[in-house]
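Data block below; observations after.
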Amino acid sequence: MALPIQDLPAWARLNDVSFDNVEVTTTVDKGYGVVSQKDLAAPEGTVETPQLLAVPHDLILNSLAVEEHAKEDKEFKQLLEAVGHHPPRVNVLLFLLVQLARNSSHAHVGVSNPWTQYLQFLPKTVLLPTVWTEDERPLLKGTSLEVAVGAKLRALDNEFEMIREASSDIPCWNDLLWHSGAVSLKDWVHLDALYRSRCLELPKSGESMVPCIDMINHSSDPSAYYDQNSNYEAVLLLRPGVSMSKGQEVTISYGDTKSAAEMLFSYGFIDPESTSESLVLPLAPFPDDPLAKAKLVAFGKAPKVHVARESGSIRWDSNFAYLKCVNEEDGLDFRILQDNEGNQQLRVFWQDEDVTDQISEFQKLVAQTHPLPEVLRLRVAVSVQENLEIHLEQLKSELPRHDSSTVREECLKHGLLLRQIETSLLEDAIQALEQEKNSLLEAENVVAYLGSMETSNSDLVDEEASNEADDFS
């Protein structure tokens with residue numbers, strides 16, 4: 000059940016949230032937002048800027064707050080312990096899932112708290128790609144988000160099933176969550192989208208959801224910023240040098256270092272004025288590499304290549320690309336070693352030195368120690384360029400025809416914008432890699448190496464011809 004935003008001031012007064020000359024209202028094109036109720040100003044250089052909003056510390060929602068709630072709510076503590084230790088985000092989502100179920104079924108399980116009601120003020124529609132429909136998700140084909148969104152949805156599905164399995168044996172939670180049908184995987188995905196799009200990085204409390212402050216929209220030219228005071232309250236303050244007219248929207252910055260894909264993934268929109276020109280793409284080992292599986296296990300995380308434009312120049316890096324392009328003849332070796340307790344572990348050796356603990360800096364390691372660094376760099380550049388060309392081809396492929404009635408305008412707008420941004424960056428990166436390849440091909444060591452390879456191949460052909468001539472069968 001949703002509550003009208005007009006009821007938020009009453010909830011705020013009940014929970015000691017202080018609004019100072021601002022209010023939450025419906026904006027023209029951004030859903031809810033915060034606007035000024037009078038003319039406001041903060042002179043440049045002022046030490047104490049006007050406070051617009053203050054939220055008590057006990058309303059700030061993070062993993063620590065969830066643990067504190069569990070001390071007061073024995074039934075929720077039982078659920079939290081049954082689910083087990085997980086990242087802080089999962090604990091917060093579990094807490095929100097319980098509040099959602101309480102609102103849906105009106106059951107009296109656990110202890111009610113301010114978030115039980117506040118959750119009903121939050122939007123029912125969130126435009127993050129994880130909640131896009133099956134008609135909208137093809138817009139991501141070929142982009143850096145295609146794999147990321149698929150992986151995220153699989154992870155959310157696994158989390159939800161883990162919670163269902165852990166809580167089904169607890170009668171009160173089985174009745175509230177599962178038997179009543181109060182919550183579903185769709186709810187878990189929605190709550191995750193709310194969490195990622197509304198979380199703030201507070202200076203004292205860390206990653207947290209903060210009621211009311213989470214209603215404030217983004218701008219590349221923000222008029223306010225959030226902080227925490229000496230009482231650990233979350234506060235919204237007017238930026239020094241800012242003047243606002245009555246009715247003007249108050250905005251904050253969601254950051255200016257995220258890529259277009261990161262911004263769309265986390266917030267459901269792209270602001271070209273606030274994004275960095277960068278992307279991250281998956282990188283697979285060579286399909287015929289006999290060491291491919293060992294390389295993936297040793298690397299320990301999803302292999303990726305990072306591409307960015309900085310000060311007009313293209314930069315790329317990928318530790319896995321270097322691991323991908325070296326083999327036994329270069330000095331790479333994998334060994335299964337056993338410790339004193341009998342546990343076996345895969346270890347990585349480079350030129351007879353154990354470098355397992357340096358695998359995250361493999362690019363730097365091999366670049367400094369490989370006997371032919373330019374030749375290795377050429378191999379890696381060719382591999383990365385081929386990978387980028389595959390993604391560019393997918394980006395330029397024709398999208399499936401879509402029905403305007405099934406694809407929301409905002410999803411189409413930002414999906415196409417992401418494709419445009421990443422296409423431009425990939426085209427420039429491929430061109431930069433081509434120039435780097437041509438430069439490397441002129442390097443003395445590379446010329447000598449390729450010449451020796453041609454001589455070896457020529458000798459091999461002559462030997463095969465000689466064997467054919469001496470066939471005494």
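Sequential numbering of the sequence shown, starting at 0, is according to numbering that gives the first Met the number 0. The beta-carbon is built from N, C-alpha and C at its ideal position, and this holds for glycine as well.
Taking the C-alpha atoms as reference points, what is the distance between residue i and residue j?
{"i": "S244", "j": "Q77", "result": "51 Å"}
{"i": "I212", "j": "Y225", "result": "8 Å"}
{"i": "E421", "j": "A9", "result": "46 Å"}
{"i": "F120", "j": "T45", "result": "35 Å"}
{"i": "D469", "j": "S451", "result": "With a pLDDT of 49 at D469, under the threshold of 50, the predicted position of this residue should be treated as unreliable, though the coordinate-derived value follows. Cα-Cα distance, rounded: 27 Å."}
{"i": "V188", "j": "L155", "result": "7 Å"}
{"i": "A233", "j": "E261", "result": "25 Å"}
{"i": "D186", "j": "S258", "result": "27 Å"}
{"i": "E352", "j": "E340", "result": "23 Å"}
{"i": "L415", "j": "K395", "result": "11 Å"}
{"i": "S104", "j": "E164", "result": "21 Å"}
{"i": "E360", "j": "V97", "result": "43 Å"}
{"i": "S222", "j": "A297", "result": "47 Å"}
{"i": "V241", "j": "L199", "result": "22 Å"}
{"i": "S183", "j": "P3", "result": "24 Å"}
{"i": "N157", "j": "E453", "result": "52 Å"}
Please look up how many angstroms separate the CB atoms of residue i and residue j, rounded, as I've assumed it's under 8 Å.
{"i": "L60", "j": "S207", "result": "6 Å"}
{"i": "Q362", "j": "G330", "result": "With 8 Å as the limit, Q362 and G330 do not qualify as a contact, their Cβ atoms being about 15 Å apart."}
{"i": "V365", "j": "V325", "result": "6 Å"}
{"i": "Y194", "j": "R88", "result": "6 Å"}
{"i": "E43", "j": "P239", "result": "6 Å"}
{"i": "L417", "j": "L263", "result": "6 Å"}
{"i": "V110", "j": "E71", "result": "6 Å"}
{"i": "A301", "j": "L345", "result": "Contact doesn't hold; Cβ gap of about 18 Å is too wide."}
{"i": "L52", "j": "D28", "result": "22 Å between Cβ atoms; not a contact."}
{"i": "N112", "j": "H68", "result": "7 Å"}
{"i": "A11", "j": "L237", "result": "A11 to L237, Cβ: 19 Å. No contact."}
Got a sec? Which residues, its chain only, sit under 6 Å from residue i by beta carbon, not counting five neighbours each side?
{"i": "W131", "result": "C410"}
{"i": "S472", "result": "With a pLDDT of 37 at S472, under the threshold of 50, the predicted position of this residue should be treated as unreliable, though the coordinate-derived value follows. Taken in chain order, the list of residues that qualify is empty."}
{"i": "A307", "result": "S277 and R314"}
{"i": "S265", "result": "R195"}
{"i": "L95", "result": "L190"}
{"i": "W172", "result": "L78 and S166"}
{"i": "A442", "result": "E373"}
{"i": "H413", "result": "L263, F268 and I269"}
Output needed for residue i: all residues of its chain with C-beta closer than 7 Å, excluding positions within five of it in sequence on either side, in chain order.
{"i": "F285", "result": "A291 and K323"}
{"i": "V383", "result": "V304, W315, S317, A320 and L432"}
{"i": "V374", "result": "N444, V445 and Y448"}
{"i": "A1", "result": "Q119 and K123"}
{"i": "I162", "result": "V82 and L93"}
{"i": "A147", "result": "F264"}
{"i": "G246", "result": "V34 and S35"}
{"i": "S62", "result": "P87, N90 and V91"}
{"i": "A181", "result": "A100, S103, S104 and L175"}
{"i": "E435", "result": "A380"}
Below 8 Å CB to CB, which residues in the same chain sit around residue i once its five sequence neighbours on both sides are set aside?
{"i": "P202", "result": "D226 and Q227"}
{"i": "T26", "result": "G32, V34, N216 and E248"}
{"i": "L459", "result": "Here L459 scores only 46 on pLDDT, less than 50, and its place in the model is too uncertain to base an answer on."}
{"i": "M214", "result": "V23, Y31, G32 and V33"}
{"i": "D427", "result": "R308 and I313"}
{"i": "S273", "result": "H217, S219, S252, Y253, G254, D255, K257 and M262"}
{"i": "R334", "result": "L345, R346 and F348"}
Figure out for me which residue from the options has the closest Cα to the Cα of residue i.
{"i": "V91", "options": "A192, Q434, I313 and S103", "result": "A192"}
{"i": "T355", "options": "L336, E135, K151 and I313", "result": "L336"}
{"i": "I313", "options": "N173, G205, S204 and I429", "result": "I429"}
{"i": "V108", "options": "D332, S438, L127 and S179", "result": "S179"}
{"i": "P370", "options": "G141, H413 and E328", "result": "E328"}
{"i": "Q116", "options": "T142, L440, L7 and F159", "result": "L7"}
{"i": "T398", "options": "Q36, E385 and K140", "result": "Before going further, note that residue 398 is Leu rather than Thr in the sequence given. The candidate whose alpha carbon is nearest that of L398 is K140."}
{"i": "L295", "options": "I4, S275 and V347", "result": "V347"}
{"i": "Q357", "options": "G341, E408, S403 and G299", "result": "G299"}
{"i": "L423", "options": "Q343, G311 and S404", "result": "Per the sequence shown, the amino acid found at residue 423 is Ser instead of Leu. Comparing Cα positions, the closest option is G311."}
{"i": "S229", "options": "S204, A100, H84 and P210", "result": "S204"}
{"i": "P289", "options": "D332, E47, H413 and S275", "result": "D332"}
{"i": "E392", "options": "K412, P3, T368 and L425", "result": "L425"}
{"i": "L387", "options": "S403, S404 and S143", "result": "S143"}
{"i": "E408", "options": "H85, K73, T368 and L126", "result": "L126"}
Determine, using beta carbons only, whether residue i comes closer than 8 Å to chain D.
{"i": "E373", "result": "Annotation note: the requested chain D is absent from the structure, which comprises a single protein chain."}
Given 7 Å as the limit, tell me if residue i has its C-beta closer than that to any heavy atom belonging to the ligand SAM.
{"i": "A301", "result": "The ligand SAM is not part of this structure, which contains no ligands at all."}
- Query: Are the segment 280 to 287 and the segment 253 to 261 in contact at 8 Å, needing three or more beta carbon pairs?
  - Reply: Proximity of the segment 280 to 287 to the segment 253 to 261 falls short of the contact definition, fewer than three beta-carbon pairs being nearer than 8 Å.
- Query: With a cut-off of 8 Å, do at least 3 Cβ pairs link the segment 372 to 383 to the segment 266 to 275?
  - Reply: No contact exists between the segment 372 to 383 and the segment 266 to 275.
- Is the segment 12 to 27 touching the segment 54 to 69 in the sense that three or more CB pairs, one from each, lie closer than 8 Å? These segments touch.
- Message: Count Cβ pairs between the segment 135 to 146 and the segment 64 to 84 that sit closer than 8 Å; are there 3 or more?
- Response: Too few Cβ pairs lie closer than 8 Å, so no.
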